[in-house]
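In my numbering, the protein residues as written are 19 to 300. Even for Gly, the Cβ is constructed at its ideal location relative to N, Cα and C. Encoded as structure tokens, the structure appears first; notes follow it.
What follows is the structure, encoded as structure tokens:
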């Protein structure tokens, strides 16, 4: 058995991986795939890839593009979620802020620098016409940290995947003021250059397995209730999420990569646009 380490956020997007592991689908190919939940998100996983702590990661597109551009020896292997991510913009339930415009000049909670919550705060600010140089941040590491920071006034707003945070909105911990969708496919599968160079055939088997599961995922009987029960969500919200979500089985397109890089350069989060082969596994 070949041992392979993979990391991802503990969210409903990644259920196909857990199902494939539970079914022994990777073991049937001689692969001992070990999954690690990373509640801190993309910034932490980018560092894990750079440090060789994981071989693979299901990671936000904009975050890994920024990390690779800055020298992370990692490649995007393919899209994982081909649809945009809906980033909910949240404040504490009892916060005085009532509209998105009220958040201008306030402090955003982020899991860490280089994370999706960090980068999307810039995207949102740009969309609103705010000066991104004036953005202020409080590092909170994970969702629990965001609850504490917003409740205690250490930060004013927090951007996180809308359906993951919906139970906190229902419980009147957060209020959601608006959504900020990513203008590109939101999640990709990334692998370290070392893993790719030594395991190209193995990587092909991993892709065959997970692509089979994601292509059939929405057709699984009662999958909406399975997700709702496993992740503590309302089944109506899960059905809405399923209707908006598309899994990808192809490599990220050159156009999508260009869109991400151009936006990050325009926000002065990257210094230049680089060639596709810097980022994409052939």
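Residue nearest to residue 32 in terms of C-alpha spacing, selected from 228, 210, 130 and 283: 228
Three-state class that DSSP yields for residue 96 in the structure shown: Reduced to three states, the DSSP call for residue 96 is strand.
Whole-angstrom distance between residue 188 and residue 257, CA atom to CA atom: Approximately 16 angstroms, taken between the alpha carbons.
Stretch pair the segment 64 to 75 + the segment 247 to 265: three plus CB contacts closer than 8 angstroms: No contact exists between the segment 64 to 75 and the segment 247 to 265.
Whole-angstrom distance between residue 106 and residue 195, CA atom to CA atom: 8 angstroms
Beta-bridge partners of residue 24, as assigned by DSSP: 53 and 74
Where residue 140 sits in the DSSP three-state scheme: helix
Runs of alpha helix (DSSP H) lying entirely within the segment 223 to 293, each at least 4 residues, in chain order: 241 to 249, 253 to 262 and 272 to 284
Given 8 angstroms, three or more beta-carbon pairs between the segment 91 to 103 and the segment 202 to 220: Three or more beta-carbon pairs drawn from the segment 91 to 103 and the segment 202 to 220 are found closer than 8 angstroms, and the two stretches are therefore classed as touching.
Residue 266 classed as buried or exposed, judged by whether at least 16 other C-beta atoms fall within 10 angstroms: buried
Contact belief for residue 150 with residue 285 at Cβ below 8 angstroms, rounded distance in angstroms: 6 angstroms
Own chain partners of residue 288 with C-beta closer than 7 angstroms, once the 5 adjacent residues on each side are dropped: 84, 87, 279 and 282
Residue 214 (DSSP reduced to helix, strand or coil): DSSP places residue 214 in helix when its eight states are reduced to three.
C-alpha gap between residue 298 and residue 93, whole angstroms: 5 angstroms
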